[in-house]
Amino acid sequence: MLLLYQNGAPPSRAVQLVAEALSVKLTLKYVDVLTKEQFAPEFLKLNPQHTLPVLDDDGFILIDSHAIMSYLVSKYGKDDFLYPKNLQKRAIVDHRLHFDSNILNVRGAVIV
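Its first residue numbered 526, the sequence shown is counted upward by one per residue in the working numbering.
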């Protein structure tokens with residue numbers, strides 16, 4: 526399983542931490558955003574949105590750290606510790622994920 530990532534970026538790091546918690550081995554490929562590698566034609570074939578991280582699981586391409594983390598937990602989780610099966614507990618986790626992507630990331634982008 527290949528993870529294209531940006532070094533030190535919270536979304537990429539979050540995916541790496543979830544994979545580590547699940548004992549999932551990732552092959553890491555660094556994408557240098559400073560040289561605009563995410564706009565290269567071969568990268569855009571994988572992700573036209575040119576965002577990171579990108580997961581390639583035997584040809585199944587998934588973008589967005591939240592979707593990737595949910596996928597990894599659903600595929601490799603041995604229990605529901607990271608992503609509860611209980612609807613109300615899962616809703617709280619989903620709320621935190623959406624808060625991160627819709628509030629924190631948007632406001633952080635304005636600052637940067």
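Ideal Cβ positions, reconstructed from N, Cα and C, are used throughout, including at glycine.
From a predicted model like this one, the values you see are computed outputs, not experimental measurements.
Going by DSSP, what residue range makes up the beta strand (DSSP E) through residue i?
i    : result
Y555 : T552 to Y555
V579 : V579 to D582
L587 : F585 to I588
L527 : L527 to Y530
Tell me where the alpha helix (DSSP H) around residue i begins and ends.
i    : result
L542 : P535 to A546
V612 : It is worth fixing the name first, because residue 612 is Leu in this sequence and not Val. L612 to F624 is the span of the alpha helix (DSSP H), which, as asked, contains L612.
F568 : P566 to L571
State buried or exposed for residue i, treating a residue as buried only when at least 16 other CB atoms are found within 10 Å of its CB.
i    : result
V637 : Residue confidence for V637 is low, a pLDDT of 47 falling below 50, so the modelled location carries little weight; the figure read from the coordinates is stated next. Exposed is the call here.
A544 : buried
D583 : exposed
Q613 : exposed
I617 : exposed
L542 : exposed
I593 : buried
G633 : Residue placement at G633 cannot be trusted, given a pLDDT of 49 that sits under 50; the coordinates are not used to answer.
Q563 : buried
Beta-carbon separation of residue i and residue j under 8 Å?
i    : j    : result
P536 : S590 : yes
F568 : V556 : yes
Query raised in the report: With contact counted as at least three CB pairs below 8 Å, one residue from each stretch, are the segment 576 to 590 and the segment 527 to 535 in contact?
Result: yes
Query raised in the report: Do the segment 545 to 555 and the segment 590 to 610 touch if we need at least three Cβ pairs shorter than 8 Å?
Result: yes
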